[in-house]
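>
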Amino acid sequence: MHKHGNPDILTFKGTYGTQHIIARCYKKENDLAKMIKIAEDIADQHIHRYIGKTPPIDNRNYYIFEGYTYNLRELKKVDASTVHCKDDENKKLYTFFLTCDSEPTEGFRVVLRDIVDGMCELQGKEHGHGDLNENNVVIQLKNNKRVIAKLTGMVDHGERLATVLRRDLVSLGKIIKFCLQDSEGSTGSEEWLDLTSRILGDRSQFNQLELKKAQALESNFIVDARIILRHPLFWTPDKCVVFIQKVVSFVKACKKRQQSWCKDIVNGFLTELESIPSKYWAERMHDEMITLPNPMYDPGLVRDLLRFIRNKSCHFAEETLEIQQRLGRHPVEFYNYFRVRYPILLLETYKAVELHFPNLQHCQIVEENYFDDYLIRGNR
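Residue numbers for the sequence shown follow the working numbering, so the first one is 12 and each next one is one higher.
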């Protein structure tokens, strides 16, 4: 066995009999009590499973938890180009955070969903984590196919549950940043770095609307971790495409609203859309996708890019075979065609809608719940 991890919780990784396991020796009895209580209360696939304790060894009891392949910090240290894997399935573990284009992979999103599911399971049993970080998220490979993330190392600081949950949400944001950065602390392309900073920085919808706001709430207010799953980071390609379609319809409805009292609000939203750095978007597509000049689209307007994506999606079956093959299968390959070319488009569009929709509701352009399945501040 070898020792690693929190100095207050001595953690050893090795084998016990024929099992690959984790053994912990707790210096603080309240941390041990919390882990045992959670083990008794929760039988969830996203909580690290407690097995039992060993007989005393050197006058210490060691508490056994199921084994894992890596924690997130260990996983980040592994370089796919220098690791010799026994099989292809294991190699997938070493490369699932970012693609070669510095884009987040679906495996990355699966890990985040698992973390949030674990947080929600804890919350449902009136527990918080208390020490959520990259060392306390462990990765298992199930049946040599499915990657599962589990929470471990929960501690008890003697604080109110609401306080612990709010800190857990802030810690989740830090974990996302850790996962997206490479070993140099950057994220590759300039656009992806900008996207990451907007997700994780002071201007971020993820932090500003939820994490920082959560800290300012009254001390007994319980924040539901599941609302984080409404953030675009967790959307499927199909949901991304449908959101773009809804935004295009919303923009069309906004442009029809000409009352003077509402025009400034509408123009503020449209101006926000046009601040997205995706102008001259046609230059990033293959020549056969669009011929310029085109009377239907202005390549200098972001709203026309959104409309172009919407039209290609709604009329996909009517496109030529050449264009269908170029775009790929709908919705996954179809959405990826545009995501790779405009990596910050979805998040910036989401930010514009999130920022302006509350005021635009007063204009009665669409029904009040039009974006409820997408916006974090929708019905909860």
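No residue lacks a Cβ here, since even glycine has one placed at the ideal position from N, Cα and C. Computed from a predicted structure; not experimentally measured.
How is Ile38 classed by DSSP in three states: helix, strand or coil?
Reading the sequence shown from its first residue, position 27 is the one you call residue 38. It should be noted that the sequence gives Lys, not Ile, for residue 38. Note: Lys38 maps to coil in three-state DSSP.
> Along the beta strand (DSSP E) that carries Ala293, what are the first and last residues, could you check?
As a working note, residue 293 is residue 282 in the sequence shown. Run containing Ala293: none; DSSP gives neither H nor E here.
> Which of the three DSSP states, helix, strand or coil, is assigned to Phe382?
To locate residue 382, count along the sequence shown from 1; it is residue 371. Correct three-state label for Phe382: coil.
> Express the C-alpha separation of Gly279 and Val364 in angstroms, rounding to a whole number.
Within the sequence shown, the letter at position 353 stands for residue 364. Within the sequence shown, the letter at position 268 stands for residue 279. Distance between the alpha carbons of Val364 and Gly279 is about 11 Å.
> Reducing DSSP to helix, strand and coil, say where Lys161 ends up.
The count along the sequence shown starts at 1 and reaches residue 161 at position 150. Strand, per DSSP.
> Beta carbon of Leu162, beta carbon of Val148: below 8 Å?
For the purposes of this step, residue 162 is taken as the residue at position 151 of the sequence shown. For the purposes of this step, residue 148 is taken as the residue at position 137 of the sequence shown. Cβ distance < 8 Å, so Leu162 and Val148 count as in contact.
> Find the nearest neighbour of Leu123 within the set Ala160, Glu137, His138 and Gly139, judged by alpha-carbon distance.
In the sequence shown, the residue the question calls residue 123 occupies position 112. The residue among Ala160, Glu137, His138 and Gly139 with its C-alpha nearest the C-alpha of Leu123 is Ala160.
> DSSP on Gln335, reduced to helix/strand/coil?
Counted from its first residue, the sequence shown places residue 335 at position 324. The answer is helix: DSSP assigns Gln335 an H, G or I state.
> Measuring alpha carbon to alpha carbon, tell me which residue in Ile301, Asp125, Gly311 and Arg60 is nearest Ser286.
The residue you call residue 286 lines up with position 275 of the sequence shown. Here the closest residue by C-alpha is Gly311.
> Gly135 and Val175 - do their beta-carbons sit closer together than 8 Å?
Start at 1 with the first residue of the sequence shown, and residue 175 comes out as number 164. Start at 1 with the first residue of the sequence shown, and residue 135 comes out as number 124. Cβ distance not < 8 Å, so Val175 and Gly135 don't count as in contact.
> How should Asn82 be labelled, buried or exposed, when 16 other C-beta atoms within 10 angstroms of its C-beta is the threshold for buried?
Residue 82 sits at position 71 when you count from the first residue of the sequence shown. Under this definition Asn82 is a buried residue.
> Just to confirm the assignment: which complete beta strand (DSSP E) runs, minimum length 3, are found wholly within the segment 122–159?
148–153
> Give the DSSP bridge partners of Arg352, in chain order.
Taking the first residue of the sequence shown as 1, we reach residue 352 at position 341. Looking at the DSSP output, Arg352 sits in no beta bridge, so it has no partner there.
> Spatial neighbours of Tyr353 within its chain, please: C-beta separation below 8 Å, excluding the five flanking residues on both sides.
As a working note, residue 353 is residue 342 in the sequence shown. So the list reads Ser289, Trp292, Arg295 and Leu316, once near-sequence residues are dropped.
> Could you round the C-beta distance between Tyr406 and Lys87 to whole angstroms and report it? I think they count as a contact, below 8 Å.
Residue 406 lies beyond the stretch modelled for the chain, which goes from 12 to 391, so this question has no answer here.
> State the Cα-Cα distance for the pair Gln256 and Lys323, rounded to the nearest angstrom.
Looking up residue 256 in the sequence shown gives position 245. Looking up residue 323 in the sequence shown gives position 312. So the two alpha carbons sit approximately 10 Å from each other.
> Just curious, the beta strand (DSSP E) that Phe76 is in, first and last residue?
In the sequence shown, the residue the question calls residue 76 occupies position 65. Segment Tyr74 to Glu77, the beta strand (DSSP E) holding Phe76.
> Nearest CA to the CA of Arg71: which residue from Ile276, Ala34, Arg84 and Gln372?
By one-based count along the sequence shown, residue 71 stands at place 60. Among Ile276, Ala34, Arg84 and Gln372, the Cα nearest to that of Arg71 is on Ala34.
> Starting from Ile301, follow the beta strand (DSSP E) in both directions and report where the run begins and ends.
Indexing the sequence shown from 1 puts residue 301 at position 290. From DSSP, Ile301 is part of no beta strand (DSSP E); its letter is neither H nor E.
> Verify whether the separation of the beta carbon atoms of Met307 and Ile334 is less than 8 Å.
Indexing the sequence shown from 1 puts residue 307 at position 296. Indexing the sequence shown from 1 puts residue 334 at position 323. It is not a contact, given that the beta carbons lie outside the stated cut-off.
> Which same chain residues, not among the five before or five after Glu170, have their C-beta less than 6 Å away from its C-beta?
In the sequence shown, residue 170 corresponds to position 159, counting from 1. Same-chain partners within the cutoff: there are none.
> From Ile75 to Val343, what distance separates their C-alpha atoms?
On the sequence shown, position 64 is the one that residue 75 refers to. On the sequence shown, position 332 is the one that residue 343 refers to. Those two C-alpha atoms are separated by around 41 Å.
> Does the beta-carbon distance from Glu77 to Ile62 come in below 8 Å?
Translated into the one-based positions of the sequence shown, residue 77 becomes position 66. Translated into the one-based positions of the sequence shown, residue 62 becomes position 51. Cβ atoms of Glu77 and Ile62: closer than 8 Å.
> What residue range is occupied by the uninterrupted alpha helix (DSSP H) comprising Ile58?
Sequence index remark: in the sequence shown, residue 58 carries index 47 (1-based). Element bounds for Ile58: n/a, residue is neither H nor E.
> Hey, how far is the Cα of Tyr79 from the Cα of Glu137?
Start at 1 with the first residue of the sequence shown, and residue 79 comes out as number 68. Start at 1 with the first residue of the sequence shown, and residue 137 comes out as number 126. So the two alpha carbons sit approximately 26 Å from each other.
> Out of curiosity, what's the CA-to-CA distance linking Leu357 and Leu284?
Start at 1 with the first residue of the sequence shown, and residue 357 comes out as number 346. Start at 1 with the first residue of the sequence shown, and residue 284 comes out as number 273. Roughly 11 Å separates the two Cα atoms.
> Which first and last residues belong to the alpha helix (DSSP H) in which Leu317 is found?
On the sequence shown, residue 317 is found 306 positions in, with the first residue counted as 1. Note, Leu317: alpha helix (DSSP H), Val313 to Cys325.
> State the start and end residues of the unbroken alpha helix (DSSP H) segment that holds Ala264.
On the sequence shown, residue 264 is found 253 positions in, with the first residue counted as 1. Where Ala264 is concerned, the enclosing alpha helix (DSSP H) stretches over Pro248 to Lys267.
> Would you mind working out which of His326, Ile20, Val262 and Gly25 sits nearest Tyr37, comparing C-alpha positions?
Residue numbering aside, residue 37 sits at position 26 when the sequence shown is read from its first letter. Closest by alpha carbon: Ile20.
> Sort Gln372, Arg321, Ala264 and Leu183 by Cα distance to Asp3 and report the nearest one.
Nothing can be reported for residue 3: it is not among the residues displayed for the chain, which extend from 12 to 391.
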